[in-house]
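Residue numbers (UniProt numbering): 1 to 747. Single-structure report; data block below.
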Amino acid sequence: MDLTQTQERSSGPAWADDQAFVARAYARLDELRTDYRQRLAEVRRAGPSGSPQNRSERDAFAAHYEDTLARLDQVENRLVFGRLDLTDTTRRYIGRIGLADAEHTSLLIDWRAPAAQPFYQATAAHPGDVVRRRHLMTRERHVVGAEDELLDTAAADLPEGLTGEGALFAAMAAAREGRMSDIVATIQAEQDRVIRAPREGVLVVQGGPGTGKTAVALHRAAYLLYTYRERLERSGVLLVGPSRVFLRYIEQVLPSLGETDVVATTMGELLADVPATGTEPEAAAEVKGRAVMAEVLRRAVRALPRPLAGPVVLDVDGEHLVLEPDDVRRAQERARRTGKPHNVARKTYANAALDALVRRWAQEKGLDEAAERDYLRASVRESVDARREINLCWMPTSPQTLLRRLYSDPALLARHAPMLTAAERAALRRDPDAALTPADLPLLDELAHLLGELERPEAERARRARAAERAAEVAYAEHAIAADGLGAGMVDAATLAGRFTERGPRLTTAERAVGDREWTFGHIVVDEAQELSPMAWRALLRRCPTRSMTLVGDLDQRSGHTRASSWSDVLGDAARENVREEVLTINYRTPASVMDSAAAVLRARGGAHAVPARSARDVPDALRTTRLAAPGDLDGLVHVVSDELAALDAGRLAVITAPGRTADVHAALADRVPDVAGPGTDPLTARALVLDPVAAKGLEFDVVVLLEPEEIGATGPGDLYVAMTRPTKRLHVVHSADLPPGLVQPE
Numbered sequence: 001m002d003l004t005q006t007q008e009r010s011s012g013p014a015w016a017d018d019q020a021f022v023a024r025a026y027a028r029l030d031e032l033r034t035d036y037r038q039r040l041a042e043v044r045r046a047g048p049s050g051s052p053q054n055r056s057e058r059d060a061f062a063a064h065y066e067d068t069l070a071r072l073d074q075v076e077n078r079l080v081f082g083r084l085d086l087t088d089t090t091r092r093y094i095g096r097i098g099l100a101d102a103e104h105t106s107l108l109i110d111w112r113a114p115a116a117q118p119f120y121q122a123t124a125a126h127p128g129d130v131v132r133r134r135h136l137m138t139r140e141r142h143v144v145g146a147e148d149e150l151l152d153t154a155a156a157d158l159p160e161g162l163t164g165e166g167a168l169f170a171a172m173a174a175a176r177e178g179r180m181s182d183i184v185a186t187i188q189a190e191q192d193r194v195i196r197a198p199r200e201g202v203l204v205v206q207g208g209p210g211t212g213k214t215a216v217a218l219h220r221a222a223y224l225l226y227t228y229r230e231r232l233e234r235s236g237v238l239l240v241g242p243s244r245v246f247l248r249y250i251e252q253v254l255p256s257l258g259e260t261d262v263v264a265t266t267m268g269e270l271l272a273d274v275p276a277t278g279t280e281p282e283a284a285a286e287v288k289g290r291a292v293m294a295e296v297l298r299r300a301v302r303a304l305p306r307p308l309a310g311p312v313v314l315d316v317d318g319e320h321l322v323l324e325p326d327d328v329r330r331a332q333e334r335a336r337r338t339g340k341p342h343n344v345a346r347k348t349y350a351n352a353a354l355d356a357l358v359r360r361w362a363q364e365k366g367l368d369e370a371a372e373r374d375y376l377r378a379s380v381r382e383s384v385d386a387r388r389e390i391n392l393c394w395m396p397t398s399p400q401t402l403l404r405r406l407y408s409d410p411a412l413l414a415r416h417a418p419m420l421t422a423a424e425r426a427a428l429r430r431d432p433d434a435a436l437t438p439a440d441l442p443l444l445d446e447l448a449h450l451l452g453e454l455e456r457p458e459a460e461r462a463r464r465a466r467a468a469e470r471a472a473e474v475a476y477a478e479h480a481i482a483a484d485g486l487g488a489g490m491v492d493a494a495t496l497a498g499r500f501t502e503r504g505p506r507l508t509t510a511e512r513a514v515g516d517r518e519w520t521f522g523h524i525v526v527d528e529a530q531e532l533s534p535m536a537w538r539a540l541l542r543r544c545p546t547r548s549m550t551l552v553g554d555l556d557q558r559s560g561h562t563r564a565s566s567w568s569d570v571l572g573d574a575a576r577e578n579v580r581e582e583v584l585t586i587n588y589r590t591p592a593s594v595m596d597s598a599a600a601v602l603r604a605r606g607g608a609h610a611v612p613a614r615s616a617r618d619v620p621d622a623l624r625t626t627r628l629a630a631p632g633d634l635d636g637l638v639h640v641v642s643d644e645l646a647a648l649d650a651g652r653l654a655v656i657t658a659p660g661r662t663a664d665v666h667a668a669l670a671d672r673v674p675d676v677a678g679p680g681t682d683p684l685t686a687r688a689l690v691l692d693p694v695a696a697k698g699l700e701f702d703v704v705v706l707l708e709p710e711e712i713g714a715t716g717p718g719d720l721y722v723a724m725t726r727p728t729k730r731l732h733v734v735h736s737a738d739l740p741p742g743l744v745q746p747e
C-alpha cells in the first residue's frame, strides 16, 4: 500500500467535508475583516478630541485594529491547506493564521502553533497520534484536490524525511513566475526543525543549492514574530539579502504569512546612504574584510588627538595667556576616560582645556575664579587663538575623511597597520578621490561607531529636546496604562507614546526602523551569509544587542577564490557568540543529474567542504551540452536560446555568463530573440534575461543556458557551482573551450 493517495477533481465528494470547512473558515475571515474595519472606522470618527487619556486609548485600539486588519487582508490565498486526522477521531485543520469562531472555540490552527507541528513532523515511523495527514489544494475559495498520507503504512521508497510528496513535487515542477512563493503547505521535517528552533543565539543553517534555505529563513522570521510577538513587534526583524533584485524576488512571502514587521535590506543599503559604486581586486576586498581591520581603525582613531608641541601664547582680550602641553594632555586623558566616541568626547576635551586656561588666568590676575568664571570662560571661548589651538589638538573627523587618508598615505597606514604585510597594505593603496567600494562600507560603519556624530550644536540641542519630550511621553503612557488600564494590554508604553504623538499616517515598526540608523533589532536574518566578511558581521552585531540571529548560506557557494573551511572562518567576532549549526540536506530545486555534475565540478576545483545535498527528483534530459563552432560564436548561442524558449511552455530562462560579458551577450540576444529582456525591463518579469553568477545568487529558473563554464570558473569555484544549480528543469551548457573536469553529460 502506498504511503500517499492523491485524489483528483472527479472525486470531489471525497472532500465535501473539507470544502464545507474551507467555506466556513473564509466566512469567519470575512466576518473578522468586517468587524475590524467597523471598529477602526468608529475609532477614526472619534477624532483627536477628548482628554489625553481618551486619546491614548483610541490610539492604542486604532493601532491594534490596523495591524490585525493588515494580517487578515494578506492571507486570502490558500487560507486552509492541511488536515490532521487523529487517533481520537478528531480533526485539526491547519492554515496560514489561527481562527476562532464567535464563541472563541478554535476553528483553524495557525501553522506556527505547537498543535500544528505534527503536520510537518509526523512520519510513518513516528506518527504520534496522527492517523492521516491530508494536504488540501485550493483555488480561490474552492478545494480542487487533496493528497492523503496514511501514517500507519510502510513508507514509500523516497528520500528520507519527505512529507506530502505529491504537493511537494507539484510545487517543484511548477513553472517559475519571477517571485518566490511561500512553502507553508509543503514544509519538510528537517526544514520545520530549523524554523521552530529557539530564538536565542546565532543559528547557522548550512544548506546546498535548492535546499530551501531562503524559504526556511523567511518562514522562521514569521514563526519568531508569532511566537515572540510582544518582544519582536517593538524592535522588528532585520532581513539582509544579497541584492535589491533578490529582495524583490522574495518580498511577497512574509506578507502572505501575515507578517509586516520586517525590514528587508542589503548590507550596502543598511550601512551607507549612497551606493558604493567602485570596484577593486579581490585581494583588496579580502584584506578590508578581515577582523584585524577593526584594530587598524581603532588605532587610527586613537591617534587623532595630537599633543601640543610646546607652550603657546594666546591673545585673550588683548592679554597674553599661555596654553601648556600638560593642559592639553590632561584634557585629552579626561576625554578618553569617558569612553565616548572621538567626536562626542571632543566636547569633554574642549571644556577641560578651557577650564585649565580659566584657572590659570584667574590665578595670574588674582581673581576669584568662582565669581568670575562665566566672564573669564566667555572671553577665552571667544578668543580666536584659543579656539584654534584647542581645536587643532582634537579635530572632529568624519569616517570617509579618515578612511581616505589611511588609503592614500602609505606611512600613516604602516603606522596603524603593522600587523599587515607590505603587500597587503599596498593592496589597500588608492587615490583619495577614488569611489567607495562595497568592502569599504563595513569599515566606514566601524569608523562611525568609533568616531560618533560630528558636533552640530543646533542638531544636538534638537536631539536632546526630542529625547526629553519622548521620555516624558513614555512616562505619561506608563502612568496611564498602570492607573487607567489603557491599551487593553495590546501595546506597551513606548508604542503607545509613539502612536499618541505621531502626526500623519502611522508608521509600521519596519518603516520607523528604516528611518533610524541607530535602530537595534530583536532578530536578524541573513541570506547568502557566506558572502559577508568578519567586518560586516561586526556591523550586524552592533545592530542586534540580543545576539539573536538566523544565518543561512552555503560555504561552497562563496564567491571568489578565498575558500572558507568552516563557518567560524566566515563569522569573525560573531563566531564567539552562542553559535549552533543546522544542516539542510535535500535539494528540492535542481534535477539529480545536474546536481551530480555540479558537485563533481566543484570537487575538481577544490570545493565541497560542506555537507552535500541530495536531489529529491530527476528530470529527463535535464543536462545538455552544445559546442560552439568557434570562440565568441554568439550565433550558436542565439539558436540554443531560441530553441529552449520555444520548448518552454511556461516559466523563465536565464543565460548565465562570466562577469564582464553580460552586456555583449545581452546585446547579441536582444536583437534576435524577442523574449530576452531589454534595457529598463524588470528582471523579475522578463521571460528570459542575461545574468552573471553573482546576480543569479538566490534566484531560480526553469532553464539555464550556461555560456562558457570555464570563463565563469575562473572567477572562483563557487560562482560556477551557483550558475550550474539555478535550473529546476534543464541546464544547457554552451561552450567553445573544453568542459570543466566533472561536467559530463549523462548518457
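Here a beta-carbon is modelled for each residue, glycine too, at the ideal position from N, C-alpha and C. Remember, it's a predicted structure, so these values are computed and weren't measured experimentally.
Where residue i falls, given that 16 or more other Cβ within 10 Å makes a residue buried
{"i": "Leu354", "result": "buried"}
{"i": "Ile712", "result": "buried"}
{"i": "His416", "result": "buried"}
{"i": "Val322", "result": "exposed"}
{"i": "Lys365", "result": "exposed"}
{"i": "Tyr375", "result": "exposed"}
{"i": "Ala629", "result": "exposed"}
{"i": "Val734", "result": "buried"}
{"i": "Ser565", "result": "exposed"}
{"i": "Ser568", "result": "exposed"}
{"i": "Gln38", "result": "exposed"}
{"i": "Met180", "result": "buried"}
Cβ neighbours of residue i in the same chain (closer than 7 Å, five flanking residues each side left out)
{"i": "Pro438", "result": "Gly268 and Ala276"}
{"i": "Met293", "result": "Leu443 and Met535"}
Same chain, Cβ closer than 8 Å to residue i, five either side skipped, listed in chain order
{"i": "Asp192", "result": "Gln117, Tyr120 and Gln121"}
{"i": "Phe521", "result": "Ser235, Gly236, Val237, Leu238, Val263, Ala513, Arg543 and Cys544"}
{"i": "Arg229", "result": "none"}
Residue i, DSSP secondary structure in three states
{"i": "Arg306", "result": "coil"}
{"i": "Gly713", "result": "helix"}
{"i": "Asp662", "result": "The amino acid occupying residue 662 in the given sequence is Thr; Asp does not appear at that position. Helix at Thr662."}
{"i": "Gly145", "result": "strand"}
{"i": "Gly522", "result": "coil"}
{"i": "Ile195", "result": "helix"}
{"i": "Pro693", "result": "helix"}
{"i": "Thr214", "result": "helix"}
{"i": "Pro325", "result": "helix"}
{"i": "Ala688", "result": "strand"}
{"i": "Lys365", "result": "helix"}
{"i": "Val204", "result": "strand"}
{"i": "Leu320", "result": "With the sequence shown as reference, residue 320 is identified as His, and Leu is not the correct amino acid for it. If DSSP states are grouped into helix, strand and coil, His320 belongs with the strands."}
{"i": "Val296", "result": "helix"}
{"i": "Met535", "result": "helix"}
{"i": "His561", "result": "coil"}
Same chain only: Cβ atoms within 6 Å of residue i, ignoring 5 sequence neighbours per side
{"i": "Arg672", "result": "Val638"}
{"i": "Val75", "result": "Arg96, Ile97 and Gly258"}
{"i": "Gly553", "result": "Glu528, Ala529 and Gln530"}
{"i": "His306", "result": "The amino acid at residue 306 is misidentified as His; the sequence shows Arg. For Arg306, where only same-chain residues beyond five positions count, the Cβ hits under 6 Å are Cys393."}
{"i": "Ala331", "result": "Tyr349, Ala352 and Ala353"}
{"i": "Met137", "result": "Val144 and Gly145"}
{"i": "Ala345", "result": "Ala335 and Thr338"}
Do three or more CB pairs link the segment 357-366 to the segment 400-409 at distances below 8 Å?
no
List in chain order: all unbroken alpha helix (DSSP H) runs of 4+ residues lying wholly within the segment 17-105.
52-74
Three or more C-beta pairs below 8 Å linking the segment 578-592 and the segment 206-215
yes
The segment 707-725 in contact with the segment 653-662 per 3-pair CB rule at 8 Å
The segment 707-725 is in contact with the segment 653-662.
Which runs of the alpha helix (DSSP H), 4 residues or longer, sit entirely within the segment 570-617?
592-604
In chain order, which alpha helix (DSSP H) runs of at least 4 residues are fully inside the segment 383-453?
384-392, 399-408, 410-416, 422-428 and 440-451
Any contact between the segment 622-629 and the segment 673-691? By contact I mean 3 or more CB pairs, one from each, below 8 Å.
Three or more beta-carbon pairs separated by less than 8 Å are not found between the segment 622-629 and the segment 673-691, which leaves the two stretches without contact.
Enumerate, from N- to C-terminal direction, the unbroken beta strand (DSSP E) stretches of 3 or more residues contained entirely within the segment 220-288.
237-241 and 262-266
Contact between the segment 301-319 and the segment 419-435 is defined here as three or more beta-carbon pairs at a separation below 8 Å; is this criterion met?
Fewer than three pairs of CB atoms, one per stretch, sit closer than 8 Å, so the segment 301-319 makes no contact with the segment 419-435.
At least three beta-carbon pairs within less than 8 Å, the segment 72-87 to the segment 213-227
The segment 72-87, when compared against the segment 213-227, does not touch it at the 8 Å Cβ threshold.
Does the pairing of the segment 719-732 with the segment 595-603 give three or more beta-carbon distances under 8 Å?
Yes, they touch.
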